[in-house]
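Please read the structure below before turning to the comments.
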Amino acid sequence: ALAAVITPLLVLFGLKYGLVSTLTERLERAPSVREIIPVGGARYRAEDIAALAARADVAFAVPRTRQIAATADLSGGGETALSVEMIPSAAGDPLLAGLP
């Protein structure tokens with residue numbers, strides 16, 4: 014009977030100080046983990062982005078164009094093309110913190 018009570022508590026303790034702590038630490042340390050990219054063709058006005066950026070729980074917000082319009086193929090000298098994506102940024106971007 015004692016094992017039936019202790020076992021679930023040990024599992025919960027392990028989850029809290031293992032998985033949950035690791036995920037929480039990653040969210041605090043790596044801004045890229047907190048990035049939210051809307052999927053779909055919704056249109057957002059400049060006022061919507063400004064309202065989002067003004068929220069206390071939002072560290073950074075910048076509008077983004079559709080992915081198909083922000084993708085380019087780079088090639089030169091007969092080499093195979095390299096597909097790149099143009100990602101918008103602005104001053105205060107936490108993903109670029111610490112870069113020159």
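Numbering (the numbering used here), first residue to last: 14 to 113. Backbone N, C-alpha and C define an ideal beta-carbon position, used for all residues, glycine too. Keep in mind the model is a prediction, meaning the values are calculated, not measured.
{"Check": "Cα-Cα separation between A63 and A103, rounded to whole angstroms", "Outcome": "13 Å"}
{"Check": "Of the listed residues E92, L36, P44, nearest to G111 (C-alpha basis)", "Outcome": "P44"}
{"Check": "Rounded straight-line distance, which links the Cα of E41 to that of L32", "Outcome": "14 Å"}
{"Check": "Alpha-carbon spacing of T93 relative to L109, whole angstroms", "Outcome": "29 Å"}
{"Check": "Segment limits, beta strand (DSSP E) that includes V97", "Outcome": "95-98"}
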